[in-house]
Amino acid sequence: VYQLTAFKSHALPVLLGPTIALVWDPAMRAVCTAFGASKLAAVCALMLGSTFAALALSAPPQPSPPRDLLLFSIPLLSGTTFALHAIVGAGALREPPELKLFVVTLALCATLLFARSCGLLPRMPIASTATEAKKWA
Numbered sequence: 031v032y033q034l035t036a037f038k039s040h041a042l043p044v045l046l047g048p049t050i051a052l053v054w055d056p057a058m059r060a061v062c063t064a065f066g067a068s069k070l071a072a073v074c075a076l077m078l079g080s081t082f083a084a085l086a087l088s089a090p091p092q093p094s095p096p097r098d099l100l101l102f103s104i105p106l107l108s109g110t111t112f113a114l115h116a117i118v119g120a121g122a123l124r125e126p127p128e129l130k131l132f133v134v135t136l137a138l139c140a141t142l143l144f145a146r147s148c149g150l151l152p153r154m155p156i157a158s159t160a161t162e163a164k165k166w167a
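Under our numbering, the first residue of the sequence shown carries the number 31, and numbering increases by one thereafter.
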């Protein structure tokens with residue numbers, strides 16, 4: 031007996047795969063155009079960014095850390111320095127576009143995670159249902 035749940039688990043990737051590719055294609059093309067990077071580097075950077083975004087938007091640590099702007103200023107300055115060096119500084123002329131893309135992506139993702147650990151991002155994660163939202167309130 032072939033269960034319906036097994037059909038869903040096999041059919042959904044086939045049906046949703048092209049849809050997901052169409053959603054990510056404009057973002058990938060925008061990254062390629064902005065940085066002059068290859069499609070391979072753009073896809074890797076988007077995958078890295080989406081992984082870090084999932085971590086940043088997941089359930090907050092318990093107990094919630096206190097807001098600390100001074101502690102956050104250190105990684106903010108560091109990430110800004112690396113990103114600006116890659117985009118407009120000396121690295122803009124010497125480094126390949128793929129490396130510039132990875133430096134900017136990592137600096138942005140690391141800064142977001144530091145903001146979360148310093149208590150600057152909202153405490154409630156994005157919930158799919160109202161009951162999940164009430165659980166984190």
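Note that beta-carbon positions come from the ideal geometry of N, C-alpha and C, so glycine has one too.
The Cβ atoms of A75 and V61 sit closer than 8 Å to each other. CA-to-CA, the gap between V134 and P93 works out to about 31 Å.
The Cβ atoms of K130 and G121 lie closer than 8 Å to each other. Around the CB of T141, 16 or more other CB atoms lie within 10 Å, so the residue is classed as buried. Remark: C-beta atoms of C139 and L101 do not approach each other more closely than 8 Å. In the structure shown, A120 adopts coil according to DSSP, grouped into three states. By the neighbour-count criterion, in which 16 or more other beta carbons inside 10 Å mark a residue as buried, R146 falls on the buried side. Closest in alpha carbon position to L136, among A67, L70, A57 and F82, is F82. By the neighbour-count definition (other C-beta atoms within 10 Å, threshold 16), G66 is an exposed residue.
In this model, L143 and F112 are separated by some 16 Å (Cα to Cα).
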